[in-house]
Structure formats: structure tokens, C-alpha cells
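S.K.:
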């Protein structure tokens, strides 16, 4: 019998208390226990980036974390972007530039881009390409994703 | 008033799919959970070739949360998967859904575990003891065809399960001393389609209808439904296959898999929902693979540069089984089929062998055979141009089939027609500013620059006269489209296709909105669901926009006629005076207008406006078959830069000039080109499923099987040539695969060009950095 743990975590501004097995992956916890299926699992070994979430404001691969590591943390998933007017601009810009096709890797990109445009460091196309190289997309060839992010940075710089 | 409805075809309409996919509200198969659901996990062979001596599952079965562990013994009534074909010299293999006595590749399913969740199921796997006696593994295709090789399928008695020779013209010219030739052996290694969503299946019981619903990440729900009904003897009205949002496919989700059958069988057995989601490791070793071809080819030409003959032998490594429904013929035959490309060559003789090995079955992967074929012929042309001292672009133009030659039958029997071969080449040369590259000399440079051209022709949107795979008894050439207006005035349009990233919910709505005169927002496209339509197959072979797009036109036109007839009665006017646009029906000479909603109410609800004979449902059901196919073509030009110290290959510039007929949505077409080229870059430079001599997969994670990232894929300059329109209703040509078809060869030629001062030719792909290093160090030619 595996001992279970009680965890408390805030996901997308909502508080959850759950009793879970220690071996439960954060990605499975978010998808199956919280029913937030926008976070996708593409490789379960930390390469593809589809499962990217934010933990206390910093991007993280939810497939490489255990759910117990979310205890006491503030988590943001792709579902949080739509309800935030500022972040919704990321979604709109992705749509405008056709920066998604099948949409499976997209949540991971959106969360990564959200972090990227908050960071003043990234300006040029080259910097953006490097910053996004940890997220794999098999449909778009990345060009339109890069264009969308360049546009988002342009908007950010104007502010 | 203008007679025409608002134009949507050719416009960059933003996708209707995007809002749900961007907000995390897309529904992929793995997102589905049903009460009482059980999970599956497969125990797979760790041996490439062997005899199963025993399976001991006693310990595992006692684990809490395990509902059963099943082997072939438990599914004795289920026949093996056998992929039929009308081809001569073809032997279908027997693929049991779980291994019976023999294992034939690492990753082949031996047993299935049913558990409360995947975690417990994986615990149980560790406790099952499988004893396998090793047989000689057959890994290499050239070993497999030897007479003393171990045999994979004893009932077939040979590892060559299909052989065919394509012949045209004669070989007498070879005796002429003035004839020159270049000959080389080219090879492509195995690739995995790697859709970001792994294969996933959930089967649920539809209690209301006493039926089963299989939710599948499939590209071909129609094919899967018909196959499952046949294999499992389920009446068609008791099984529905639904492909919800699907996270890419690229061919890997276009075949029938044992796991799919077992998910349905266990749902029947347990009378509970059953879920199986592949992990990436399983996906890399059990989803159909592609591109592994050896091509020994020779191109003959006169000293003037005129091509006169193309000869060769193709060896296709098809893996352990002939995949359903495409058969093992699919890829190797297409290599021969498209080897000649868009060039005039009178004499053609190519032999193809499809050979089994102890590796996973091969199946469709974006481009199917053509990336390999184009790699071989386009490399040969570049090598010939060196021998002839004729510029490679000039040599291509000299031999390219001209529009006055159409229709032109190439050596394999494929007919090219209405395609801008030369237009694409000329356009690409112009965009890349080809002339400035002629002066490049890399000898004393730190960075070596190279330019590579590849032109190709492909057959897309093919009708019933041409099989997607030779001899396959499956109708992939027709498509049915049903367009209905309901009592609220909403429009539903239903097709047998299954979109998995192509944006067909948008492009088909564009066509219908324009052809019917409807508001695009009022149209809902239904697809990927076999309960909607009685015969459909799915989305593959660059068919959906071309064929479903054409049937959308046919059905729209028919429904519009019905609308006009009813409106002319309501307005008491001649049909000629009716105009339909943006969801309204106008009487041209007055200011009278009614909406689709008002028209629908007159038809369905109010019993006064219309006579009974006009109160028929607003529905049009049409089927369309283009009979033959449309010739799509493109020229790709790549410019690469190789660091002579690190051997890092960077793509500096990339151009695609392509002719896909009438463009429905340029933004989506460009997106398909971008993605296709990215996969070609992967195939040319990075991706390789490496199997060692014992048949173990050495690249079973995405840290080992390398996909191109944002840093490897350049921006691409795209030009559309819309001058040569095909015969189908919409004048559309398929273009989903073309990006991959042209890019592999263009990059190989560019890399060869960059190292031409070293007198080395690239003959094997991918040309990774370490391979390039070894090639240069060994001075191999």
C-alpha cells in the first residue's frame, strides 16, 4: 500500500486540496485530478515542452515534476491565459499569425511565450528562436510562431 | 446588384479551430475520461526476432488494481490483420493483434494489462515473466534478401513479399558509346512521423444505442470503422469511430493498429470504458515508420545534356508486416513511381523489392516514397551536371517536361498534366537570385556556402481510377458531402475527412460560404465522425482540400438551386432574379430580402408560405470522384552554410515556388509548406531511427531522435503559381505533403554543393554533423 499525501495548491487562482500518491506526475495531476486538460503530455521526458506550466511565475515541465512538488505553490496553466485581458493578446496574436495547426504543442508554447514577453532581455528574432528552442512543434515549422512573438514584443515595447 | 456572392476562396480567413485550441479547450482523445474507465498498458517484446517459450503472469495478476492480463490465448477468435492487394507477386503477412508464437520486432505487443490506472498497469508489467528464445535477427534489407537469411514469415517462405519491375522504352541505347551516365547508390534511413500527440484510443459503451464508440487519434476513422467491423464482426450501426481534435498525424495515424482493435475488444469484454494512451517511447517503436529505402540508380544522357534513360533497383525495408490498409507496396512502389520526376526520359527500367525485416512495420509518412525518389533523381542530376559541366538549373530546364508536352506519361505509368514545372523552377531561381551563387568558391573559406535545387511532381487529390497504394481494394478516391440547413437557418456541412491540423473546418467553410452565399460564421463543418456519413475514409495522401473541397462545391450548388427555387416562389419572381449572399436571399429588382432563417422557417415550420412540394428538407448530398489525380509541383532551393571547423550545417535561405492550383487559404497553404519543409529538414539533417544489429532501437526518446527546433528551421520564401488548374471541380491540387517531398533533396544538393571542392557527394541521409565529419575525414567519395 502506497502512503498518500495531502497537498494544497493554487492553480489558476483556485485553491485545491487533494490527497494523492507521491509518484503521481504533476502533468497527470493537472490533467486527470483537476481536469485541466489544456496542459498536454507529448513525451514525458522533458524534451517536447507541451506540458509546460508556470510554478510561482516560472516555467516548468509538468511531466518532470511530481504533483507533491506543487504543494504550497501557485500554478498557472494555459487555461488561465484566456481570462486575463493582457495575456489574451498572446492567443489573439497566435491566431492572427496562424501560429498553430493541430494545437497540441500550443499550450506549452503559449506559457513559454508568456514568460518570454515578460522578460525584457529578449528582443531579436535570434533571441526568440533560442528562447523557444525547448518547445517542439511538428506542424508549423515555427516561422509563424516566431512572427507572432515578434509582434507581441513590438506591442510590449510600445507600452 | 452584383450577382456574385462574397468571395472567400483565396482569402486569409482566420481559423475557426483556433479559439478552442488556444484556450486549452480543444478535446483530444487523451482528454476524454468516462466514469468506471479502465486503462490499458501493453507488454512489448524486447527481442527483435524470437520464439515465445512462456508467459508467466501469476504474480502480476495478484496485484491490487489489476483486472486482467491477456495474451493471444484470450483472443483466439480474432483473425490476424491481413492487408489484401490485387498486385501480382504480393504476399500479405499475418499480423496477430498479440504475438502468437513468434515476436518480429522490438516493441511488438505480447500481452495487454487492464488496470485501474496506467501507474498500476506499469507496475504489473514488471511482474510478468516472458521467456523468448532468440532467433537470428534480420535487420538489414540486403541481408534479408539473401537466400540463407532467417525467414520472418514461415508461411511465405521468402522475405521479399513483393517485387515489380517498371518498364518503358528499351535498353538498346546503352550500347552507344556516345552515351554518358552517372550512377550512385542512395539511401534514406528510417524516420518516425512523430506527431506531438501520441496514438490514443478510448472506447466507450453508448448505452442508449447499445453500441460502441471508439474515440481515436486516427487520421482515417472511416477506414478504421470499416476494418473493425470486419475483423470483429460488429454491424456498422453498432460501432462509431470518432476522431476528435487530433494532434497531428503525418501518416503515422493513418493505419489500423493492434492496440486499436484490443481497446474495442476489451470494452466489449468488460462492458466498461477502456482507455489507452501511448507514451512517447511506445510511439517511437510501434507507430508506423517510413522512408527506409536503398536506391541504386543510373541516369543516362547525351553529351548535349539530354536525358535518355533512368535505370535502377529499389530496395524497400518495409519492416515486419505489410501494414493495413496500405500494404508494404505503399512506399517502395512510390519511390519507383515518382523517380523520373518532371523530366522527359524515354527509357525507364526500375525494379522494386519490398523486403521484410525485424523492425516495426512501415506505413505512410508525409511524402511517402517521394522524398526518397526526389533525393535520388535530383542528386543524380546534380552529379550529371558536374560531369557535363552544365549548370544544374540549366540542365533541369533543358530536360523538364514543357506545357506543350502535356499530358505526359512517365516511365512508371503516371501521367503529368496541367502543372507549372518550368514556371516553379524559374520563379524559385529568380527569388533566390541564383546568378550570384555561381561565383562562390569555398576552397579558402571558413564557412562553406552551398546552394541546392530540387524540383518534383506529385499526384494529389486522386480519384477512384488510381489507388493511393497499388492494388489496394479500398475506395479512397471519392468523397461525400452533405450540406443541410436546419429550422433555425444554421448550416451543417458533413464530410468523411478527418482534419488533424490542416484547418479543414475553416477552408471547407470558406468554399461553402462562397458557393452557397452563406455567412461563414453560420457554417459548422462536421468531420472525423463515422456516424455522420455512411462511407468515408479520412485525411491522408493530400486529398482532403482537393476532393472534399470539390464535393463541397457540388453540394453547395445543389442546395443553392433549392434555395433559389423556394425564394422565387416566396418573392413571386423568376429564379433569375434571385441573388444569395452572406446568409440573405434577395430579389434583385425590388428591395425584398429574407434570411436563411426565414427561408428555413417557411420550409420547416410555418405551413402557409409554401406549397407542400416545396417543403422538402433543405439538404444536398453529393458524392464526388475526380477519377484521376491532379499534378502538383514545386521547386525548392536551399542555401546552406557549413562551418568548416564544427561541421554545423545552417540553412541560410530557403525558397519554395509551388503550384497547387487554386489556393483556398494562402495562410493555411503557407503553413503547410512551412511544416512540410521542417520535416524535410529533419529527414535530411537530423532524424534517424537507429536500430543496432540485434534490432534494438537506439533512438527511443526525443533526446535521441532529434526533431528540428526553432533554431534549425529558417524562414521560407513562398511563391504560388496559380496558372495551371486541374480538372476537378474546385481546381484545387493537394499540397499537404509537398514541403517534405522537395526539401530533403534540396538540402542534400546544397550540402553536396558546399563541399564540392572536397569532391564528396552526399548519398545517405540524414547527413548529421558527425556523419559529415566522418565522410570528410575519410575522404570517401
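Residue numbers (my numbering), protein chains in the order written: chain A, 237 to 395; chain B, -4 to 776.
Quick reminder that beta carbons are idealized off the backbone N, C-alpha and C, glycines included.
Note that the structure is a prediction, hence the values are computed from the model and not measured.
Return the chain-ordered list of same chain residues with a C-beta closer than 6 Å to the C-beta of residue 162 of chain B, the five sequence neighbours on each side being excluded.
M.R.: 344
S.K.: Which partner residues of residue 244 of chain A appear in the DSSP bridge assignment?
M.R.: According to DSSP, residue 244 of chain A bridges with A/253.
S.K.: So residue 210 of chain B is in the alpha helix (DSSP H); what residue range does that whole segment cover?
M.R.: That residue, residue 210 of chain B, is in no alpha helix (DSSP H); its beta strand (DSSP E) goes 206 to 211.
S.K.: Does the beta-carbon distance from residue 268 of chain B to residue 353 of chain B come in below 8 Å?
M.R.: no
S.K.: When the cut-off is 8 Å and only beta carbons count, does residue 312 of chain A lie next to chain B?
M.R.: no
S.K.: Determine which residues of the region 375 to 392 of chain A have a Cβ less than 8 Å from any Cβ of chain B, and write them out in chain order.
M.R.: 375, 376, 377, 378, 379, 380, 381 and 382
S.K.: Do residue 676 of chain B and residue 763 of chain B have their beta-carbon atoms positioned less than 8 Å apart in this structure?
M.R.: no
S.K.: Hey, how far is the Cα of residue 733 of chain B from the Cα of residue 176 of chain B?
M.R.: 29 Å
S.K.: Look at the alpha carbon of residue 377 of chain B and the alpha carbon of residue 440 of chain B, and state the distance between them as a whole number of angstroms.
M.R.: Spanning the two alpha carbons is a distance of roughly 22 Å.
S.K.: Listing by chain order, which chain B residues have their CB less than 9 Å from the CB of residue 315 of chain A?
M.R.: 18, 19 and 20
S.K.: Which parts of the region 2 to 48 of chain B are runs of the beta strand (DSSP E), unbroken and 3 residues or longer, counting only runs that do not cross its ends?
M.R.: 33 to 39
S.K.: Report yes or no: is there a C-beta of chain A within less than 8 Å of the C-beta of residue 711 of chain B?
M.R.: yes
S.K.: What in chain A is Cβ-close to residue 195 of chain B, meaning under 8 Å?
M.R.: Neighbours of residue 195 of chain B on chain A: none; closest Cβ ~10 Å, over 8 Å.
S.K.: Less than 7 Å between C-beta atoms, sequence neighbours within five positions excluded: which residues of the same chain meet that for residue 131 of chain B?
M.R.: Answer for residue 131 of chain B: 44 and 145, listed in chain order.
S.K.: Since residue 705 of chain B meets chain A, which of its residues come closer than 7 Å, beta carbon to beta carbon?
M.R.: 365, 368, 369, 378 and 382
S.K.: Applying the 10 Å Cβ sphere with the 16-neighbour rule, what's the burial state of residue 49 of chain B?
M.R.: exposed
S.K.: Which residues bound the alpha helix (DSSP H) around residue 338 of chain B?
M.R.: First-last for residue 338 of chain B: undefined, no H or E at that position.
S.K.: Nearest to residue 647 of chain B by alpha carbon, out of B/404, B/432 and B/212?
M.R.: Checked all of B/404, B/432 and B/212; the closest Cα to residue 647 of chain B is B/432.
S.K.: Around the Cβ of residue 601 of chain B, are there at least 16 other Cβ atoms within 10 angstroms (buried) or fewer (exposed)?
M.R.: Exposed, since its Cβ has fewer than 16 Cβ neighbours within 10 Å.
S.K.: DSSP beta-bridge partners for residue 488 of chain B?
M.R.: B/478 and B/520
S.K.: What does the alpha-carbon distance come out to for the pair residue 373 of chain B and residue 292 of chain B?
M.R.: 11 Å
S.K.: Nearest chain A C-beta to residue 28 of chain B closer than 8 Å, yes or no?
M.R.: For residue 28 of chain B, the closest Cβ of chain A is nearer than 8 Å.
S.K.: Assign residue 633 of chain B to one of three DSSP states: helix, strand, or coil.
M.R.: Correct three-state label for residue 633 of chain B: strand.
S.K.: Below 8 Å, how does it come out for the region 321 to 334 of chain B and the region 208 to 222 of chain B: are there three or more Cβ pairs, yes or no?
M.R.: no
S.K.: Near residue 776 of chain B, which residues of its chain fall below 8 Å by C-beta distance, leaving aside the five closest residues on each side in sequence?
M.R.: The predicted position of residue 776 of chain B is uncertain, since its pLDDT is 44 and thus under 50; a value taken from the coordinates is nonetheless stated next. Result list for residue 776 of chain B: 754, 755 and 756, in chain order.
S.K.: Does the Cβ of residue 57 of chain B have 16 or more other Cβ atoms within 10 Å, making it buried, or fewer, making it exposed?
M.R.: exposed
S.K.: Measure from the alpha carbon of residue 621 of chain B to the alpha carbon of each residue in B/597, B/549 and B/605, then state which is nearest.
M.R.: B/549
S.K.: Please confirm if the region 319 to 334 of chain A is in contact with the region 230 to 240 of chain B, defined as three or more CB-CB distances below 8 Å between the two stretches.
M.R.: no
S.K.: Output, in sequence order along the chain, the residues in the region 316 to 341 of chain A whose CB is closer than 8 Å to any CB in chain B.
M.R.: 317, 318, 327, 330, 331, 332, 334, 336, 337, 338, 339, 340 and 341
S.K.: Taking the straight line between their C-alpha atoms, what separation do you get for residue 650 of chain B and residue 608 of chain B?
M.R.: As the crow flies, the alpha-carbon of residue 650 of chain B is around 57 Å from that of residue 608 of chain B.
S.K.: Name the chain A residues that come within less than 8 Å of residue 119 of chain B, Cβ to Cβ?
M.R.: Those within 8 Å of residue 119 of chain B in chain A number zero; the least Cβ separation is about 15 Å.
S.K.: Who are the neighbours of residue 343 of chain A on chain B, taking C-beta pairs under 8 Å?
M.R.: 19
S.K.: Is the Cβ of residue 279 of chain A closer than 8 Å to any Cβ of chain B?
M.R.: yes
S.K.: Within a Cβ cutoff of 8 Å, which residues of the same chain sit near residue 486 of chain B, ignoring the five residues on either side of it in sequence?
M.R.: 478, 479, 480, 507, 511, 513, 517, 518, 519 and 591
S.K.: For residue 669 of chain B and chain C, any beta-carbon pair shorter than 8 Å?
M.R.: No chain C appears in the structure shown, which is made up of the protein chains A and B.
S.K.: Need the endpoints of the alpha helix (DSSP H) that residue 114 of chain B sits in, please.
M.R.: It spans 113 to 122 - the alpha helix (DSSP H) in which residue 114 of chain B sits, taken as one unbroken run.
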